[in-house]
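Each residue of the sequence shown is one higher than the last, beginning at 221 in the numbering used here. All C-beta atoms in this analysis are idealised placements derived from N, C-alpha and C, irrespective of residue type, glycine included. All remarks here apply to the structure that follows.
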Amino acid sequence: MEDATLQIQLLKSLFKGREDVFALRWEKTNKSGYMPAYSYDPYMYRLYKQKGGTFKDYKDKTYLKLNDYQLSKHLKGEQFIGIYPLLKDNTSWFKNGFW
């Protein structure tokens, strides 16, 4: 196996969360944070924004799935991602150390 494939497998084994969505880090004028990663048509969004719409209200977007390609970009430093540890059924793979 390639080194990158092993790194991705290790990352997935250490940090397991939702795979249907992940967060991307953003920075803007002394502020930063994480927000869900979306797939959308930038041209259609620009038209929507010109009419006074906001990204929050923009309906024609879907969550990007967390996959090996996204993890590879994270490992290369091309993007910084965060995972959502709470699964859809309100369970988590993270261990609570306060018991």
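Task: Beta carbon of Lys232 nearer than 8 angstroms to that of Tyr258 - done: Judged by their CB atoms, Lys232 and Tyr258 are not nearer to each other than the 8 angstroms cut-off.
Task: Inter-residue Cα distance where the pair is Glu222 and Met255 - done: Rounded to the nearest angstrom, the gap between the Cα atoms of Glu222 and Met255 is 31 angstroms.
TODO: Would you kindly check if the distance between the Cβ of Glu239 and the Cβ of Lys285 is under 8 angstroms?
DONE: Cβ distance < 8 angstroms, so Lys285 and Glu239 count as in contact.
Open item on the list: Please state the DSSP three-state secondary structure of Pro305.
Closed with: If DSSP states are grouped into helix, strand and coil, Pro305 belongs with coil.
Open item on the list: I need the DSSP call for Ala224, collapsed to helix, strand or coil.
Closed with: DSSP places Ala224 in helix when its eight states are reduced to three.
- [ ] Could you name the residues of the same chain whose beta carbon sits closer than 7 angstroms to that of Ser312, not counting the 5 residues immediately before and after it, in chain order?
- [x] Answer for Ser312: Pro305, Leu306, listed in chain order.
- [ ] Have a look at Gln290 and Leu267 and give me their C-alpha separation to the nearest angstrom.
- [x] Spanning the two alpha carbons is a distance of roughly 28 angstroms.
Task: Residue range of the unbroken alpha helix (DSSP H) whose run includes Tyr254 - done: Not the alpha helix (DSSP H): Tyr254 falls in the beta strand (DSSP E), residues 251-256.
Task: Whether Leu244 touches Ile303 by CB criterion (8 angstroms) - done: Annotated as distal: Leu244 and Ile303, with beta-carbon spacing of 8 angstroms or more.
Task: 8 angstroms CB neighbourhood of Asn287 in its chain, flanking five on each side removed - done: Once the five neighbours on either side are set aside, the close Cβ partners of Asn287 are Glu239.
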